[in-house]
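Participant: Residues in the sequence shown are numbered consecutively from 593, following my numbering.
Questions regarding the structure given below will be posed in turn.
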Amino acid sequence: MKKLFLILAFAGLCLSNAEAQKKIPHTYRLVGESKARRTEITLPQVKGYNVYKGDFHIHTTYSDGGVNPDSRVTEAWYDGLDIIAITDHYENRKGERNFFKVVAPYNEDGKPTKYLGGNAKNGIKADFNAIHNEAATKLEKSGIPMLLIKGCEMARNNNTHGHFNCLFLKDINTVYDPDMAKAFRKVKEQGGLIIHNHPGWRRKTSDKTEFHNQVYNEGLIDGVEVVNGLSFYPHIVRRCIDEKLAMFANTDIHSTTYANYGSIGLHRTMTLVLAKDLTEKAVKDAILKRRTIAYAGGSLIGEEEWLSEFLNAAVDCRLVRVDEKKGSRLFTITNMSSITYKLRRGKTVYTLEPFKTITYSFGKDKEKKKYLAPKFTIENMWHADFKHPVIELKLDK
Ligand SMILES: [Zn+2]
Ligand SMILES: [Zn+2]
């Protein structure tokens, strides 16, 4: 009897195990909701212009980058950008050479077909518009509201010529010329703009060369990178002001932006463009009228006027109390933007983080006996000659 009971109990156990097995799913999704989120960078409207976030210098696997055009679009969108230009090298196309190694057919003698890729001497021999179109297709399919600008990077010896980005092109393939100045003229014929990239890269100076003098004097250059990646070229700010050129901060990203910025807790380097709307025409107009601010490593670099307008639009300053006995006025200063500002008074620096308020008391001028205006040196803003601007905050706007 006892034996029979044990057999039945064992059978029951087997049955319940089998039943239980049936209930265990083959795939279980550990996280139910996993919708990707874009990082929003909230910036103010400045003098009636919207502030768009752009990166005008990006590489893909078609030149010497590690990410394809399709993923560059996704990456830029989640990084919070509004404008991008895929600007692969004309002359350095390591990626294309690597693809060729994989896909090239073998000759009858068993040797692989020779790679006949282009270079500065023999032309480009690749369809650069197709690179742009890959990114454009991604934008179209996804519906992501981002402006994609057609461009490329031209590069020669750093000590004589250097690198330049050609933007707002109609046909990237036809602007190439072994003579760089001739190529630039072709860019202009298409209505394109040219920016001088990383002028101090792999050089002991960021000063102009003979070639630079030639093309700048001819009016072929529209802007310069005052920042490339996280490298700041302070001398270039003065050049941009004196020669009326737009200032840019671009990533020149080859790897992923997460590896270069996100993983070390930095925002992506970008150019803030003050434009009427997010169209090619309005963005081009903003660049030509030099309404740009370089934003990199938490610093803002630009013309003093725009830095002042920008800060005053981003910060809300209010007079909340007047103490006639003490002769002081108390202000609240609220940061309504996603950028942190470093406000210095005397030797003390106050960090005004995004969406925070500080209170600050200003006394009277000892000689004039008048109340002092709320004025700070902005330590994370730079204008010409390696200087920080001193900005007076406008009251009760
Ligand atoms: Zn370059
Ligand atoms: Zn580059």
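From the three backbone atoms N, C-alpha and C, an ideal C-beta is built for every residue, glycine too.
So Val816 is in the beta strand (DSSP E); what residue range does that whole segment cover?
Facilitator: 815–820
Participant: Note down the Cα distance separating Leu622 from Asn660, rounded to an integer number of angstroms.
Facilitator: Looking at the two C-alpha atoms, the distance is approximately 29 Å.
Participant: Write down the C-beta distance between Leu822 and Ile786 rounded to the nearest angstrom, noting that I regard them as a contact closer than 8 Å.
Facilitator: Rounded, the Cβ-Cβ distance is 23 Å, inconsistent with contact.
Participant: Could you say which of Ala727, Lys645, His980 lies nearest to Tyr679 if we only look at CA atoms?
Facilitator: At residue 679 the sequence reads Thr, which differs from the Tyr that was named. Cα-wise, what sits closest to Thr679 is Ala727.
Participant: Decide yes or no for the touch test of the segment 863–872 against the segment 737–755: beta carbon pairs closer than 8 Å, at least 3 of them.
Facilitator: yes
Participant: Which partner residues of Tyr682 appear in the DSSP bridge assignment?
Facilitator: Per DSSP, none; premise fails for Tyr682.
Participant: Based on the DSSP secondary-structure assignment, which residues constitute the bridge partners of Cys744?
Facilitator: According to DSSP, Cys744 bridges with Cys758.
Participant: Is Arg685 closer than 8 Å to Gly709 when the C-beta atoms are compared?
Facilitator: yes
Participant: My assumption, with CB atoms under 8 Å, is that Phe648 sits in contact with Phe840. Please give the rounded CB distance.
Facilitator: Between Phe840 and Phe648 the Cβ distance is about 6 Å, and since that is below 8 Å, they are a contact.
Participant: How about Arg777 and Asp977: do their beta carbons lie closer than 8 Å?
Facilitator: no
Participant: Near Tyr707, what residues of its chain come up, given a Cβ to Cβ distance below 6 Å and the 5 sequence neighbours on each side ignored?
Facilitator: Arg689, Phe692
Participant: List the endpoints of the continuous alpha helix (DSSP H) containing Tyr670.
Facilitator: 661–670
Participant: Which parts of the segment 604–655 are runs of the beta strand (DSSP E), unbroken and 3 residues or longer, counting only runs that do not cross its ends?
Facilitator: If only complete runs of 3 or more residues are kept, the segment 604–655 shows the beta strand (DSSP E) at 642–650, in order along the chain.
Participant: Count the other C-beta atoms from every protein chain shown that fall within 10 angstroms of the C-beta of Leu935, then say buried if there are 16 or more, exposed otherwise.
Facilitator: buried
Participant: Which residues in the same chain as Asn842 place their Cβ atom closer than 7 Å to its Cβ, once the five residues preceding and following it in sequence are excluded?
Facilitator: Answer for Asn842: Asp647, Phe648, His649, Glu817, Asn820, Thr861, Thr863, listed in chain order.
Participant: Based on the DSSP secondary-structure assignment, which residues constitute the bridge partners of Leu944?
Facilitator: Tyr933
Participant: Can you tell me where the alpha helix (DSSP H) with Thr924 in it begins and where it stops?
Facilitator: Unbroken run through Thr924 is the beta strand (DSSP E), 920–927; no alpha helix (DSSP H).
Participant: Return helix, strand or coil for Ser847, following the three-state DSSP convention.
Facilitator: coil
Participant: From Phe954 to Phe947, what distance separates their C-alpha atoms?
Facilitator: 22 Å
Participant: Identify the continuous alpha helix (DSSP H) that holds Ile723 and give its terminal residues.
Facilitator: 720–734
Participant: Would you list, in sequence order, the uninterrupted beta strand (DSSP E) runs of no fewer than 3 residues that lie entirely inside the segment 765–809?
Facilitator: Residue ranges of uninterrupted beta strand (DSSP E) with 3 or more members, entirely inside the segment 765–809 and ordered along the chain, are 785–788.
Participant: Looking only at its own chain, which residues have a Cβ that is under 7 Å from the Cβ of Ser929, when we skip the five neighbours before and after it?
Facilitator: Once the five neighbours on either side are set aside, the close Cβ partners of Ser929 are Thr634, Leu635, Pro636, Ala906, Pro946.
Participant: Give the straight-line distance between the Cα atoms of Ile983 and Ser900, rounded to the nearest whole angstrom.
Facilitator: The straight-line gap from Cα to Cα measures roughly 6 Å.
Participant: Could you check if His755 belongs to the surroundings of ligand 1, using beta carbon to heavy atom distance under 7 Å?
Facilitator: Yes, the beta carbon of His755 sits closer than 7 Å to at least one heavy atom of ligand 1.
Participant: Which term fits Arg629, buried or exposed, when burial requires 16 or more other beta carbons within 10 angstroms of its beta carbon?
Facilitator: Taking a 10 Å sphere around the C-beta of Arg629, we find fewer than 16 other C-beta atoms and assign the residue as exposed.
Participant: Specify whether the segment 764–782 and the segment 695–706 touch according to this definition: at least 3 beta carbon pairs, one from each stretch, less than 8 Å apart.
Facilitator: no
Participant: Let me check one thing: in DSSP terms, what residues is Ala867 bridge-paired to?
Facilitator: Asn642
Participant: Would you mind working out which of Ile970, Tyr853, Phe824 sits nearest Asp671, comparing C-alpha positions?
Facilitator: Tyr853
Participant: Report yes or no: do the segment 787–803 and the segment 912–920 share at least 3 C-beta pairs separated by less than 8 Å?
Facilitator: no
Participant: Hey, would you say the C-beta of Asp647 is under 7 Å away from at least one heavy atom of ligand 1?
Facilitator: no
Participant: On the CB-based measure, 16 or more other CB atoms within 10 Å of its CB, does Ile616 come out buried or exposed?
Facilitator: exposed
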